[in-house]
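Asker: Okay, so the sequence shown: first residue is 1364 according to the working numbering, each after it adds one.
Backbone N, C-alpha and C fix where the C-beta goes; we use that ideal spot for every residue, glycine too.
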Amino acid sequence: MRPKQWTKNGFVLVGLVFDGKLLELPLTLTALWTLVCFCLVSSSVYILNDLIDIERDRHHPRKRLRPLASGQLNPGLARSAMFVLAVAGVLGAGMTSIFVGLTLAAYLLLNAAYSGYLKNLVIIDAMMVAVFFVLRVAAGSIAVEVSAFSPWLYICVSLLALFIAFGKRRHEIVLLREAASGHRTSLKQYNQPFLDQIIGVVTTSGLISYTFYSFEAETALADPARMMLTVPLIVFVVFRYLYLIHVEQRGGAPDDLLFADRPLLAAVVLWVLSVVAVIYFR
């Protein structure tokens, strides 16, 4: 179920926070319920992915320790849990809104396609990761019926997801070397110089997009002059992550990296607090 990776589902709350509705208790509870449903569905997806990749994971120094790859969990039991979690998550989301339920169903189906085939296609594999992050934001936004959410944030989330995905693939190539393609088929179509270039492009695009968002943030109930104060924090977060990828050769598990690196975690927490202060305390 990979509870550590549930942190990704925190993007469900982006619409709630940036639309200025965090202090409205009914909407906050609705967003949190949607978050719980996403955790259920994403857990079923992780089980599916582990079932498909059980042999490949056994060649990975870290993933070989997962319950299925290590033989600690019976595949039949895993399939049953996968089905129950998927149904519970989609039906639970449907209780909030039929459109939220459909969004989670789309997330589930696209992940099935990704696990079965799309993750083997170069570039498409990373772009699908971006789609999954956008669906998280979309589900949360639909659940709380956002009214002043800037479209720039969808672009920022997409570019952030691409940044993380390509950084992860770079780490896998550096870590696994000749065995990389045995772990992930698409890795044999990547190389380190190409990934370094594309990470640079995505990084630049992401920083520019967030800066544009901060300039027109009045659409998100915030003062643009104050929202621009959060840009340096984002720059530090991105540069720190690049440092961890290129210098310390980390980045294979972004969720672990966030909590393991104190400067990165501190900067992210400061950014969240700054955004909340800008939007809610004027």
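Can you name the start and end residues of the alpha helix (DSSP H) that N1474 belongs to?
Answerer: Where N1474 is concerned, the enclosing alpha helix (DSSP H) stretches over I1461 to G1479.
Asker: Compare the beta carbon distance of A1630 and V1600 with 7 Å and say whether it is the shorter of the two.
Answerer: Cβ distance < 7 Å, so A1630 and V1600 count as in contact.
Asker: On a CA-only basis, which of D1619, S1513 and T1548 is nearest L1484? Give me that one, please.
Answerer: L1484 has its Cα closest to that of T1548, out of D1619, S1513 and T1548.
Asker: Is K1371 helix, strand or coil when you go by DSSP?
Answerer: Three-state DSSP puts K1371 in a helix.
Asker: Using the beta-carbon count (16 or more within 10 Å), is M1445 buried or exposed?
Answerer: Buried.
Asker: Work out the CA separation of L1379 and L1385 for me, nearest whole Å.
Answerer: Each residue's Cα considered, the two are about 6 Å apart.
Asker: Taking 7 Å as the threshold (C-beta atoms), are V1463 and F1496 in contact?
Answerer: No; because the gap between Cβ atoms is not below 7 Å, this pair is not in contact.
Asker: Kindly indicate the opening and closing residues of the alpha helix (DSSP H) around R1603.
Answerer: Unbroken alpha helix (DSSP H) run through R1603: V1594 to H1609.
Asker: Any idea if R1625 is buried or exposed, counting beta-carbon neighbours within 10 angstroms, 16 or more meaning buried?
Answerer: Its Cβ having fewer than 16 others within 10 Å, R1625 is exposed.
Asker: Measuring alpha carbon to alpha carbon, tell me which residue in K1482, A1451 and N1474 is nearest L1403.
Answerer: It is A1451 whose Cα lies nearest to the Cα of L1403.
Asker: Over the uninterrupted alpha helix (DSSP H) stretch that includes M1491, give me the two end residues.
Answerer: Where M1491 is concerned, the enclosing alpha helix (DSSP H) stretches over I1487 to A1506.
Asker: Can you give me the C-alpha to C-alpha distance between L1570 and F1381, rounded to a whole angstrom?
Answerer: Cα to Cα, the separation comes out at about 18 Å.
Asker: If you measure between the beta carbons of Q1560 and I1536, is that distance less than 7 Å?
Answerer: No, the Cβ-Cβ distance between Q1560 and I1536 is not below 7 Å.
Asker: Please report the distance separating the alpha-carbon of N1368 from that of P1587.
Answerer: The question names Asn, yet the displayed sequence has Gln at residue 1368. Cα to Cα, Q1368 sits roughly 33 Å from P1587.
Asker: Please state if the CB of L1498 and the CB of T1466 are separated by a distance shorter than 7 Å.
Answerer: In this structure, L1498 lies closer than 7 Å to T1466 by Cβ.
Asker: Once the 5 residues before and after S1568 are set aside, which same chain residues still bring their CB inside 7 Å of it?
Answerer: Answer for S1568: L1522, listed in chain order.
Asker: Would you say the stretch 1407-1414 touches the stretch 1471-1480, given that touching needs at least three Cβ pairs under 8 Å?
Answerer: As far as the Cβ criterion goes, the stretch 1407-1414 touches the stretch 1471-1480, which means the pair count is three or higher.
Asker: I'd like to check one pair, L1525 with A1489: are the Cβ atoms closer than 7 Å?
Answerer: Contact: yes.
Asker: Is it right to say I1487 is buried, meaning 16 or more other beta carbons lie within 10 angstroms of its own, or is it exposed?
Answerer: Result: exposed.
Asker: Determine the direct distance from the alpha carbon of S1577 to that of L1628, and round the result to whole angstroms.
Answerer: Rounded to whole angstroms, L1628 to S1577 spans 22 Å at the Cα level.
Asker: Would a C-beta distance cut-off of 7 Å place G1503 and V1638 closer than the cut-off?
Answerer: Contact flag unset, no.
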